[in-house]
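*Asks:* Per the working numbering, residue 527 is the first one in the sequence shown, and the count goes up by one each step.
Idealized CB from N, CA, C, for every residue including glycine.
It should be emphasised that the depicted structure is a prediction, and the values quoted were computed from it without experimental measurement.
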Amino acid sequence: MKFFSRIIPFLKEVKMEIKKVNWPTRQETIKYTLIVIGVSLGVAFYLGFLDFIFTFLINKFII
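1. From the DSSP output, in three-state form, read off THR581 for me.
2. Distance, Cα to Cα, PRO535 vs ILE544?
3. Going by DSSP in three states, THR653 sits in which element: helix, strand or coil?
4. For the alpha helix (DSSP H) that contains ILE534, what are its first and last residues?
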């Protein structure tokens, strides 16, 4: 029973804290999402390029 008597105040505090959060606008969310996607694609292409080069070099000189 002690658990349930402690969870109600906790949930009320959570609700109050969520009201204090400075949520991003729709435009900010779109902007930052596109930045994350762009950086992720950039890193993926960079790593793919390195993988291609190293695979080529290994096949050419070792195998």
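*Replies:* Based on what the coordinates show:
1. The count along the sequence shown starts at 1 and reaches residue 581 at position 55. In the structure shown, THR581 sits in a helix (DSSP, three-state: H, G or I).
2. Working through the sequence shown from its first residue, we reach residue 535 at position 9. Working through the sequence shown from its first residue, we reach residue 544 at position 18. PRO535 and ILE544: Cα-Cα distance of roughly 14 angstroms.
3. With the chain running from 527 to 589 in the structure shown, residue 653 is simply not present.
4. Here residue 534 is taken as the residue at index 8 of the sequence shown, counted from 1. From DSSP, the alpha helix (DSSP H) with ILE534 extends over 528 to 546.
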